[in-house]
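To start, the structure under review is shown below, and the notes come after it.
Residue numbers (the working numbering): 1 to 325.
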């Protein structure tokens, strides 16, 4: 992708930052965010991205150019678990302001979440047409944030004739920010804290490495349309969270303690037929991706990870060549 003028919100996030840094090489990229992490802001600027402080809870977009060709909206007010009305207002108004301001864009991508689905069971593979009304006991306002913004994106995609794609993200991870949910869990392991898992069985998800995120964002823009295109966005492989924890323990030697109770963070499995038809397969297998991310973010374990790789050989990514862990 070259020569475009791109607007990215949530510029220091797990999805937005790697996309902004990658696209800044051949495009004019502007990043909006609160930029509470000065180092991340500086890194974006060093890659050639322009950074603009924006709090979607209160700031309008006056003074910002309107001639963006592509928009990636990943900023979110997750709420504190109790402020449902304010969470709904902020996400709705922020999304509406952004779409109205960039109504002449070629494509608008809103990054939603699988948390919007009404959960059936841990092995159900959710399709776009499944019932909505998600619940997240670990942060009850989060589904409200995503469902509200999705509704606004759908409405304005048609009202403005703005080609839009709503991508319901599974679990993104990689060597940016805190590394995503897998690295949050690994930090719990390092601290000797038990990791919450279900009493029976395990939660499952589709891990999506940021390398695939970066590669697939332009493909998602190509799929944008009015009425809005909705698609599940996750990795090809199905991963059990308990299996993930045990794999990270094997790679690093850090023991994992399992807390089998009622407080595990639910995840979801996606059906991928529509996503594959739109943008194709992923390229990074979860085992190699997790190993690489651990080595990048926790360098003290690199030698052990290398030794594990030497003993177990290479892992073959599902749709690519063998990749050393």
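The beta carbon of each residue, even a glycine, is placed where N, CA and C say it ideally should be.
DSSP-derived helix/strand/coil call for residue 207
For residue 207, the three-state secondary structure derived from DSSP is strand.
Determine the DSSP secondary structure at residue 42, reduced to helix, strand or coil.
helix
Where residue 141 sits in the DSSP three-state scheme
helix
The alpha helix (DSSP H) that contains residue 333, what's its start and end?
Since the first residue of the chain shown is 1 and the last is 325, residue 333 is not available in this structure.
Cα separation between residue 6 and residue 216?
15 Å
Indicate whether residue 77 and residue 57 have their beta-carbon atoms separated by less than 8 Å.
Yes, these two residues count as a Cβ contact at 8 Å.
At what residues does the beta strand (DSSP E) containing residue 338 begin and finish?
The question about residue 338 has no answer, for the chain in this structure spans 1 to 325.
So the alpha helix (DSSP H) residue 90 belongs to, where does it begin and stop?
84-101
I need the straight-line Cα distance from residue 270 to residue 120, nearest angstrom please.
Across the structure, residue 270 and residue 120 are spaced so that their CA atoms are roughly 12 Å apart.
State the DSSP-derived secondary structure class of residue 236, mapped to helix, strand or coil.
coil
Please list, in chain order, all residues of the same chain as residue 149 whose beta carbon is under 6 Å from its beta carbon, the five residues on each side excluded.
91 and 95
Can you tell me whether residue 63 is helix, strand or coil according to DSSP?
coil
Between the C-alpha atoms of residue 296 and residue 229, what's the straight-line distance to the nearest angstrom?
35 Å
Of the listed residues 197, 160, 213 and 284, nearest to residue 256 (C-alpha basis):
Checked all of 197, 160, 213 and 284; the closest Cα to residue 256 is 197.
Just confirm the distance between the C-beta atoms of residue 178 and residue 171, as a whole number of angstroms; I'd bet it's less than 8 Å.
Actually they do not touch by this definition, with Cβ atoms about 13 Å apart.
Between which two residues does the beta strand (DSSP E) holding residue 260 run?
Run containing residue 260: 258-261, per the beta strand (DSSP E) assignment.
From residue 4 to residue 68, what distance separates their C-alpha atoms?
8 Å
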